[in-house]
Every structure is written in structure tokens, then in C-alpha cells.
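Report on the following structure.
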Amino acid sequence: LIMVVKYRRKVINDPISERAKEIWEYIAPRYGIVLEEWNHDIDHVHVMFRAQPKTELSKFINAYKSASSRLLKKEYPEIREKLWKEA
Numbered sequence: 289l290i291m292v293v294k295y296r297r298k299v300i301n302d303p304i305s306e307r308a309k310e311i312w313e314y315i316a317p318r319y320g321i322v323l324e325e326w327n328h329d330i331d332h333v334h335v336m337f338r339a340q341p342k343t344e345l346s347k348f349i350n351a352y353k354s355a356s357s358r359l360l361k362k363e364y365p366e367i368r369e370k371l372w373k374e375a
């Protein structure tokens with residue numbers, strides 16, 4: 289899965305990526321999803337994960353993007369209005 293920052297703005301640094309990963313790891317178990325690998329560049333995040341066939345991926349992705357956007361904007365005000373673009 290690749291998630292791109294809105295307008296590909298260059299806002300993802302190591303602390304922001306690590307916090308986004310923590311949010312993923314908090315939400316994912318509720319949907320039966322296991323994180324395999326997490327990498328980032330300054331304008332996107334690559335995520336490799338395992339899911340069950342019954343996993344509702346669209347609901348999980350919506351929940352994750354909503355929560356991560358809200359929390360990251362609150363904790364890192366400098367990125368407000370920059371996260372996330374539909375990919």
C-alpha cells in the first residue's frame with residue numbers, strides 16, 4: 289500500500305513517519321491486519337501488511353487515514369492542511 293501526502297508536499301520526516309506507524313499498529317489489530325514492513329520518503333509512505341480474506345480493507349484504510357490525519361495535524365501543526373491525498 290502506498291499513501292501519498294496531499295499534493296505530494298514534502299512533510300514526512302522520521303518522527304512523523306514513526307508516529308504514523310504507531311497509529312497504524314494501534315488500529316490494525318482491530319481489523320486483523322499485521323504490519324510487515326514500513327518505509328517512507330518525504331512525500332509518501334510504503335506499507336506491506338498481511339490481512340485475512342474477510343478483512344474489510346476499505347474500512348480499515350478510511351479509519352487509519354482519518355485517525356492519522358487528525359492526530360498528526362494535532363501533534364505536528366506545521367503539516368496541517370497537507371495530509372492525506374487519495375491514492
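For the sequence shown, the numbering used here assigns the number 289 to the initial residue and increments by one for each residue that follows. Note that CB positions come from ideal geometry on N, CA and C, so glycine has one too. Since the model is a prediction, treat every value here as computed from it, not as a measurement.
Helix, strand or coil at residue i according to DSSP, with G and I counted as helix
i, result
"residue 306", "helix"
"residue 317", "helix"
"residue 344", "coil"
"residue 362", "helix"
Residues bridged to residue i [DSSP beta-bridge criterion]
i, result
"residue 326", "335"
"residue 290", "334"
CB-CB length for residue i against residue j, believed under 8 Å
i, j, result
"residue 352", "residue 312", "6 Å"
"residue 315", "residue 355", "6 Å"
"residue 367", "residue 360", "6 Å"
Cutoff 7 Å; reference residue i; Cβ partners in own chain excluding five residues on either side
i, result
"residue 364", "304"
Cutoff 6 Å; reference residue i; Cβ partners in own chain excluding five residues on either side
i, result
"residue 310", "none"
| Given 8 Å as the limit, is there contact between the segment 292-299 and the segment 318-334, that is, 3 or more CB pairs closer than that? | yes
| message | Pairs of beta-carbons, one from the segment 335-348 and one from the segment 296-304, closer than 8 Å: are there three or more? | response | no
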